[in-house]
Amino acid sequence: MVSGKYSALSGAVSRQQVMDNIANNMANIDTTGFKKDRISFEALLKGSQQVANGRGINYSRIRKIGVDFSQGPLRETGRDLDVAISGKGFFKIRGNGETFFTRNGSFYVDNNGLLKTADNFNVLDGSSQPIQLTGARG
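In this text, residue positions in the sequence shown follow my numbering: the first is 60, and each later residue adds one.
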């Protein structure tokens with residue numbers, strides 16, 4: 060009987076995580092550059108607990124939550140510094156001493172003419188140097 064409770068509980072926890080993921084994806088559907096998360100499950104101890112009908116009790120958990128990097132819809136924003144990547148690829152950015160990759164192309168120019176993300180990270184060129192727009196000031 061206790062085994063059945065664990066099976067039901069693991070299923071309920073997994074379903075709650077799915078609902079949280081769906082809510083997050085829906086809440087951000089109009090966020091520029093947002094990439095939805097996808098959940099994959101795995102069975103734990105499959106069939107390890109035998110019950111009277113001869114079938115095993117299955118436990119489940121989320122194996123991983125991964126980001127879906129597939130191409131989203133491109134739309135006109137009216138801003139000169141909003142850019143998009145059509146197809147595969149990422150913008151290389153640097154902030155807090157670390158290098159990251161993003162598909163969010165909503166940029167601005169700071170007072171020094173550096174191209175920045177909304178989080179104030181530097182947008183990098185092909186040589187990993189900050190992009191400076193000559194003659195441009197924020």
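We treat Cβ as the ideally placed atom computed from N, Cα and C, and that holds for glycine.
Is it the case that the Cβ atoms of residue i and residue j are separated by a distance below 8 Å?
| i | j | result |
| --- | --- | --- |
| Leu183 | Ile152 | yes |
| Asn170 | Gly154 | no |
| Ile124 | Ile98 | yes |
Give the straight-line distance between the Cα atoms of residue i and residue j, rounded to the nearest whole angstrom.
| i | j | result |
| --- | --- | --- |
| Arg74 | Lys64 | 15 Å |
| Gln191 | Gly131 | 28 Å |
| Gln76 | Met85 | 14 Å |
| Ala111 | Gly70 | Note that Ala111 scores a pLDDT of 46, beneath 50, so its modelled location is shaky; the value from the coordinates is reported in the next line. If you take the alpha carbons of Ala111 and Gly70, they lie about 21 Å apart. |
| Gly194 | Lys147 | 31 Å |
| Gly156 | Ile144 | 25 Å |
| Gly137 | Ser165 | 11 Å |
| Tyr167 | Ser129 | 25 Å |
| Ala82 | Glu135 | 26 Å |
| Gly185 | Lys175 | 16 Å |
| Met78 | Ser187 | 39 Å |
| Ala177 | Asn80 | 24 Å |
| Asp96 | Thr90 | 14 Å |
| Asn181 | Val72 | 40 Å |
Quick test of your reading: residue i and residue j, contact by CB under 8 Å. State the CB separation rounded to the nearest angstrom.
| i | j | result |
| --- | --- | --- |
| Asp139 | Lys94 | About 24 Å separates the two Cβ atoms, so there is no contact after all. |
| Phe149 | Thr161 | 6 Å |
Which residues does DSSP pair with residue i in a beta bridge?
| i | result |
| --- | --- |
| Leu183 | Pro189 |
| Ser145 | DSSP, once it has assigned bridges, lists no residue as partnering Ser145. |
| Ile152 | Phe159, Val182 |
| Ala168 | In the sequence under discussion, the amino acid at residue 168 is Val, which differs from the Ala named in the question. DSSP, once it has assigned bridges, lists Leu174 as partnering Val168. |
| Lys64 | DSSP output for Lys64 lists no bridge partner at all. |
| Arg97 | Gly125 |
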